[in-house]
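Notes to accompany the following structure.
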Amino acid sequence: MSHPASATAKALWSKACPPLSGDIRVPGDKSVSHRALMFGALAIGETVVEGLLEGEDVLRTAAAMKQLGASVERRDDGTWVLHGRGVGGLTEPADVLDMGNAGTGARLLMGLLASHPFTAVLTGDASLRSRPMARVTTPLAQMGATFTGRSGGRLPMAVTGTETPVPISYTLPVASAQVKSAILLAGLNTPGETTVTEPEPTRDHTELMLRAFGADVRVQDRADGSRVITLTGQPELTGRHIVVPSDPSSAAFPVAAALIVPGSHITVRGVGMNPLRTGLYTTLREMGADLTVTNERVEGGEPVADLIVKQGPLKGVSVPAERAPSMIDEYPILSVVAAFASGETRMNGLAELRVKESDRLSLMANGLAACGVTVRVEGDDLIVTGTGTAPKGGQNIAVNLDHRIGMSFLVLGMASQEAVGIDDESAIGTSFPGFSALMTGLGARFSGMEG
1 MSHPASATAK ALWSKACPPL SGDIRVPGDK SVSHRALMFG ALAIGETVVE GLLEGEDVLR
61 TAAAMKQLGA SVERRDDGTW VLHGRGVGGL TEPADVLDMG NAGTGARLLM GLLASHPFTA
121 VLTGDASLRS RPMARVTTPL AQMGATFTGR SGGRLPMAVT GTETPVPISY TLPVASAQVK
181 SAILLAGLNT PGETTVTEPE PTRDHTELML RAFGADVRVQ DRADGSRVIT LTGQPELTGR
241 HIVVPSDPSS AAFPVAAALI VPGSHITVRG VGMNPLRTGL YTTLREMGAD LTVTNERVEG
301 GEPVADLIVK QGPLKGVSVP AERAPSMIDE YPILSVVAAF ASGETRMNGL AELRVKESDR
361 LSLMANGLAA CGVTVRVEGD DLIVTGTGTA PKGGQNIAVN LDHRIGMSFL VLGMASQEAV
421 GIDDESAIGT SFPGFSALMT GLGARFSGME G
């Protein structure tokens with residue numbers, strides 16, 4: 001699905017740069033930030049959040065929780081303070097909830113709204129309005145909520161929650177942390193036990209944080225690789241202090257750049273290392289990346305570490321489909337790294353990429369091919385064949401308002417033979433505010449025009 005560049009579109013070009021060096025910290029984790037705001041809005045008492053990602057996506061969630069009756073404010077020291085309404089205590093919003101580009105925020109919010117007895121209308125930008133929501137609304141409708149949206153289950157959508165929510169036991173057709181989390185959030189205000197079975201484990205920030213706020217969440221791993229999560233409804237959540245780790249998905253961009261720009265050596269501090277989020281780093285090490293994980297510790301209930309990255313030769317690998325849930329957002333940047341490796345890198349089972357902010361599978365394949373990379377798509381598999389040398393580049397890529405596509409092609413341009421541009425950098429701020437400044441601080445050469 002094609003989306004026009006934003007009304008304030010600003011093209012950005014990236015060209016080959018000197019070795020990257022520096023000691024950096026990327027912004028806070030987007031997934032953890034969304035959840036901290038939502039659970040703080042449901043908790044009794046005060047929740048203080050440190051390190052919240054202040055990107056547009058997360059700020060949309062903050063605004064929505066305020067519209068739903070919670071007290072949400074940012075202090076001068078950069079911390080965010082919430083005073084919640086209690087489970088089941090959200091109030092009917094006076095206006096439409098505009099979630100911008102925030103797919104995670106919109107889908108999780110549907111879960112929250114499903115068990116509150118009022119109607120709220122959700123909308124978003126052109127990208128979010130094009131994304132299918134049926135896989136979220138189907139289980140939530142079984143719990144008693146009603147959804148009225150555009151054809152194909154798309155936003156804008158009216159969500160009418162039920163006064164008498166029914167607990168369900170639901171098996172996800174496809175592993176998805178967003179769908180799982182939406183069901184669990186609906187289950188919070190539902191009597192009895194709500195159970196979700198996922199075919200393979202997905203990121204578990206919802207389960208970890210719900211426990212931290214005081215909910216009863218049980219997790220069972222089965223012999224067949226599936227996982228069963230059971231939530232006891234109507235707990236009293238208690239406000240707490242949350243420290244948001246640096247986002248491993250955002251860290252992927254400077255890490256990838258350091259792996260492909262000759263002579264680079266950087267350190268990235270405090271990166272979230274939740275094992276259900278680190279598939280990219282496992283894959284990079286398999287490719288031969290000089291990537292050291294050090295100073296491992298726990299902050300705010302989540303494992304974190306520092307990453308030391310040095311450029312060096314890389315080789316193609318086969319990435320198993322079962323690893324996809326732990327790195328689904330990182331395939332665009334992995335495909336860029338693969339373009340610089342020697343041999344074939346096969347990324348298997350990427351159906352989920354077709355329903356992200358854009359059809360990321362097609363966008364990356366077409367953009368890489370335009371830049372002279374040997375690439376093909378077979379079913380839901382993406383195959384990139386590198387020669388161990390820099391690809392040609394030299395293209396201006398339409399990124400369809402997709403922040404990860406935009407950042408990936410800017411990284412490509414940092415080491416390709418010719419400059420690579422993107423038609424619109426505006427969406428990058430949704431997940432990585434300050435991206436351009438941070439990368440140029442390491443040595444990147446970005447400019448508003450080619451050459």
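Numbered by the UniProt record's numbering, the letters in the sequence shown go through residues 1 to 451 in order.
Glycine included, each C-beta is placed from N, C-alpha and C at the ideal position.
This structure is a prediction, so every number in the text was calculated from the model and none was measured.
Among the options, whose alpha-carbon lies nearest the alpha-carbon of residue i?
{"i": "Gly164", "options": "Gly312, Thr292, Asp98 and Leu113", "result": "This sequence places Thr at residue 164; Gly is not what is there. Minimum Cα distance to Thr164 is reached at Leu113."}
{"i": "Glu54", "options": "Gly441, Gly443, Leu307 and Phe435", "result": "Phe435"}
{"i": "Val219", "options": "Pro235, Gln234 and Thr202", "result": "Thr202"}
{"i": "Ala126", "options": "Gly413, Asn400 and Ser416", "result": "Asn400"}
{"i": "Asp98", "options": "Ala120, Arg240, His83 and Pro19", "result": "Ala120"}
{"i": "Gln417", "options": "Ile397, Gly406, Gly372 and Ser447", "result": "Gly372"}
{"i": "Phe39", "options": "Asn101, Pro27, Arg129 and Thr61", "result": "Thr61"}
{"i": "Ser107", "options": "Leu122, Ser169, Gly263 and Pro303", "result": "For the record, residue 107 in the displayed sequence is Arg; it is not Ser. Among Leu122, Ser169, Gly263 and Pro303, the Cα nearest to that of Arg107 is on Leu122."}
{"i": "Leu442", "options": "Gly301, Asp381 and Ala256", "result": "Ala256"}
{"i": "Gly51", "options": "Ser71, Val26, Ala94 and Met143", "result": "Val26"}
{"i": "Val317", "options": "Thr294, Ala324, Ile333 and Glu286", "result": "Glu286"}
{"i": "Pro19", "options": "Ile260, Ala390 and Phe432", "result": "Ile260"}
{"i": "Leu188", "options": "Asp57, Leu82 and Ala41", "result": "Ala41"}
{"i": "Asp402", "options": "Glu92, Asn101 and Gly349", "result": "Asn101"}
{"i": "Ala158", "options": "Glu425, Gly393, Pro93 and Gly225", "result": "Pro93"}
{"i": "His241", "options": "Ala398, Arg445 and Ser33", "result": "Ser33"}
For residue i, does the three-state DSSP call read helix, strand or coil?
{"i": "Lys10", "result": "coil"}
{"i": "Met407", "result": "helix"}
{"i": "Thr162", "result": "coil"}
{"i": "Ile422", "result": "strand"}
{"i": "Ser2", "result": "Low confidence applies to Ser2: its pLDDT is 49, below 50, so where it sits in the model is not reliable, and the reading given next is rough at best. Coil, per DSSP."}
{"i": "Val355", "result": "helix"}
{"i": "Phe446", "result": "strand"}
{"i": "Glu207", "result": "helix"}
{"i": "Glu322", "result": "helix"}
{"i": "Gly111", "result": "helix"}
{"i": "Val219", "result": "strand"}
{"i": "Ser436", "result": "helix"}
So residue i and residue j are in contact, right, with Cβ under 8 Å, and what is the actual spacing, rounded?
{"i": "Ile308", "j": "Thr292", "result": "4 Å"}
{"i": "Ile24", "j": "Val268", "result": "6 Å"}
{"i": "Gly367", "j": "Phe409", "result": "6 Å"}
Could you tell me whether the Cβ of residue i comes closer than 9 Å to any Cβ of chain B?
{"i": "Val255", "result": "Any reference to chain B falls outside this structure, which holds one protein chain only."}
Check whether the region 208-216 and the region 133-149 are in contact - that is, three or more C-beta pairs closer than 8 Å. no
Sequence ranges, alpha helix (DSSP H) only - wholly within the region 20-88, length at least 4: 30-42 and 56-67
Would you call the region 327-346 and the region 364-378 touching, i.e. three or more CB-CB distances under 8 Å? yes
Give a yes or no on contact between the region 305-314 and the region 327-336, applying the rule of three or more CB pairs nearer than 8 Å. no
Quick check for students: name the residue ranges of the beta strand (DSSP E) that lie wholly in the region 113-159, counting only runs of 3 or more. 119-123 and 146-150
Where are the beta strand (DSSP E) runs, 3 residues long or more, that stay fully inside the region 360-413, in chain order? 374-378 and 381-387
Between the region 10-17 and the region 407-414, are three or more C-beta pairs nearer than 8 Å? yes
Runs of 4 residues minimum, wholly inside the region 171-201: which ones carry the alpha helix (DSSP H) assignment? 177-188
Could you check whether the region 242-250 touches the region 259-274, counting it as contact only if at least three pairs of C-beta atoms, one from each stretch, sit closer than 8 Å? yes
Every unbroken beta strand (DSSP E) inside the region 241-280 [3 residues or more]: 241-243 and 265-272
Is it the case that the region 59-74 contacts the region 157-171, given that we only count it when at least three CB pairs across the two stretches are under 8 Å? no
Cβ contact (3+ pairs, closer than 8 Å) linking the region 190-207 and the region 226-238: yes
Would you call the region 171-182 in contact with the region 142-149, where contact means no fewer than 3 C-beta pairs closer than 8 Å? no
Indicate whether the contact test is met: 3 or more Cβ pairs, each with one atom in the region 75-92 and one in the region 147-159, closer than 8 Å. no
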